[in-house]
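First comes the structure, then the notes that go with it.
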Ligand SMILES: Cc1cc2nc3c(=O)[nH]c(=O)nc-3n(C[C@H](O)[C@H](O)[C@H](O)COP(=O)(O)OP(=O)(O)OC[C@H]3O[C@@H](n4cnc5c(N)ncnc54)[C@H](O)[C@@H]3O)c2cc1C
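Residue numbers (the UniProt record's numbering): 1 to 257.
Okay, structure coming up:
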């Protein structure tokens, strides 16, 4: 396969890579962004978007689009803690069944600026003074990433999915980087020659590990199990709007939730 030349190569098209491509392209700087995945994120994951991020997105003219795509207000109104009925971790599926989300509620607090005390103009002051944007936004990365990729490609950035970064070298003669990548569709390797190489390839970054960059922040010490489900819980949520629902049995579960 012949090599490709580009001034800028971004490895990864997640929130970090896609926003880097969008911000660079807003200055007329273009390049190539690659991602091993077949497309943008397929699960929501990161979603609460703070005002500073939205200020930056407003600078490149996409904040209104973000507010159109995301949620505010009642959907981010509360954090809730409620009782869970399951007897063992193997019956974890019960956690998502209606009876447990609808079980006894231990506590509920207002979140993300939705405390009624803040809803009058006078009390909203700290949010309003901090940003021209109308508050914190719940914008899942499934919706944010395609928008950023579209913005960058409309401004001339090239994007290749199904392209896995393998390693890089620096060429002594001209100091350019040679990134070896694999086209996952054709199962062939080729080189991308670039002046600037950006590693935005997530928590298990190969770029960072090849540079021996120390990852100074480990995980929080707890074990997290992620279960992705799709079900209709509208009938339960009407009176339980919340951004996060913690299910637990007081005293018995600590540190499990
Ligand atoms: C289950 C789960 C729930 C989460 N919930 C939240 C939450 O509620 N709130 C929150 O703020 N965050 C949450 N996160 C974390 C959030 O998803 C990450 O912080 C965020 O995605 C990091 O963005 P990133 O662009 O740095 O990396 P990623 O989103 O990991 O993107 C990495 C990109 O690099 C590509 N890539 C990786 N390796 C290679 C390679 N070798 N070659 C080419 N491309 C490569 C991937 O295909 C992808 O495009 C959650 C994460 C998980 C897993």
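Glycine included, each C-beta is placed from N, C-alpha and C at the ideal position.
Every value quoted in this text rests on a predicted model; they were computed, and no experiment measured them.
Assigned secondary structure, residue i (DSSP; H/G/I helix, E/B strand, else coil)
| i | result |
| --- | --- |
| residue 232 | coil |
| residue 138 | strand |
| residue 131 | coil |
| residue 155 | coil |
| residue 212 | coil |
| residue 225 | coil |
| residue 177 | strand |
| residue 149 | helix |
| residue 238 | coil |
| residue 191 | strand |
| residue 17 | helix |
| residue 73 | helix |
| residue 29 | coil |
| residue 105 | strand |
| residue 5 | strand |
| residue 115 | coil |
| residue 97 | Low local confidence applies: a pLDDT of 41 at residue 97 is under 50, so the model's placement there is unreliable, with the coordinate-based value given in what follows. Here residue 97 sits in coil by DSSP. |
| residue 166 | strand |
| residue 91 | Its pLDDT being 47, under 50, residue 91 is placed unreliably in this model, and the coordinates cannot settle the point. |
Heavy atom of ligand 1 within 7 angstroms of residue i beta-carbon
| i | result |
| --- | --- |
| residue 210 | no |
| residue 17 | yes |
| residue 165 | yes |
| residue 141 | yes |
| residue 149 | no |
| residue 46 | yes |
| residue 34 | yes |
| residue 201 | yes |
| residue 226 | yes |
| residue 56 | no |
| residue 28 | no |
| residue 70 | no |
| residue 13 | yes |
| residue 21 | no |
Residue closest to residue i, alpha-carbon to alpha-carbon, out of the options
| i | options | result |
| --- | --- | --- |
| residue 213 | 199, 181, 172, 45 | 199 |
| residue 38 | 72, 161, 228 | 161 |
| residue 12 | 129, 35, 133 | 35 |
| residue 32 | 192, 2, 178 | 192 |
| residue 249 | 6, 49, 52, 103 | 103 |
| residue 226 | 16, 126, 45 | 45 |
| residue 18 | 131, 1, 75, 142 | 142 |
| residue 128 | 6, 55, 202 | 55 |
| residue 47 | 70, 130, 240, 202 | 70 |
| residue 4 | 215, 21, 195 | 195 |
| residue 131 | 224, 170, 50, 42 | 50 |
| residue 113 | 63, 147, 81, 72 | 72 |
Could you check whether the region 131-138 touches the region 148-164, counting it as contact only if at least three pairs of C-beta atoms, one from each stretch, sit closer than 8 angstroms?
In short, these stretches do not touch, since the Cβ pair count stays below three.
Does the count of Cβ pairs from the region 184-202 and the region 51-66 closer than 8 angstroms reach three?
Flag = no, the region 184-202 and the region 51-66 do not touch.
With contact counted as at least three CB pairs below 8 angstroms, one residue from each stretch, are the region 163-181 and the region 200-211 in contact?
In short, these stretches touch, since the Cβ pair count reaches three.
Could you check whether the region 171-181 touches the region 102-109, counting it as contact only if at least three pairs of C-beta atoms, one from each stretch, sit closer than 8 angstroms?
In short, these stretches do not touch, since the Cβ pair count stays below three.
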